[in-house]
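Enquirer: In our numbering, the protein residues as written are 6 to 134.
Please find one structure pasted underneath; my questions will follow.
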Amino acid sequence: MGIANSILEGVAKELRRRPGNRAVKVGVRIGELAGVDPDALSFAFEALTVDTDFAGLAIDIEYVRPRSRCRECNREFEVRNYESLCPGCGSLSPERISGDELEFKYLELEEPESAEDERAERELEVEKK
Ligand SMILES: [Zn+2]
């Protein structure tokens, strides 16, 4: 729940900077080593947003494998199954460069729509196109 909560806080913070906008979708990137189960996060996120102003806000989770860089040959590679062997030269001492990240990728917003003059606005939009 903690992470879902902080993602929502981030969304709320961004929305305060853009009054009137509605958040539609939030994208996050989570490293395999961050200790977050993407399914559990989706579930917690939905449970937190239902029946709130954020109801319907979708979460797009990109789950990424850790990456390492070899200290010998400088090759960057994806770490699978916690193996730490460089696929380039076989060195056993690669340096972990990512894998425990938990970061925002994007926030999709919906522009404010004037409820009073909705029809006029729609006609205007058609004209523009
Ligand atoms: Zn190497």
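Every residue gets a Cβ at the ideal spot worked out from N, C-alpha and C, and that includes glycine.
Determine the burial state of glutamate 108: buried for a count of at least 16 other Cβ atoms within 10 Å of its Cβ, exposed for fewer.
Expert: By the 10 Å Cβ count, glutamate 108 comes out exposed.
Enquirer: To test your reading of the DSSP string, which unbroken beta strand (DSSP E) runs of 3 or more residues are found completely within the region 52-102?
Expert: Within the region 52-102, the complete beta strand (DSSP E) runs of at least 3 residues are 63-69, 72-74, 81-83.
Enquirer: How far does the alpha helix (DSSP H) with glycine 15 in it reach, from first residue to last?
Expert: That run of the alpha helix (DSSP H) goes 7-22.
Enquirer: Could you tell me the alpha carbon to alpha carbon distance between valine 33 and leucine 53, rounded to whole angstroms?
Expert: So the two alpha carbons sit approximately 16 Å from each other.
Enquirer: Below 9 Å between beta carbons: does that hold for cysteine 91 and serine 73?
Expert: Yes, the pair counts as a contact, with Cβ atoms nearer than the cut-off.
Enquirer: Look at the Cβ atom of aspartate 56, then the Cβ atom of lysine 30, and state whether they are nearer than 9 Å.
Expert: No. Outside cutoff.
Enquirer: When the Cα atoms are used, what is the spatial distance from glycine 61 to glycine 7?
Expert: The straight-line gap from Cα to Cα measures roughly 20 Å.
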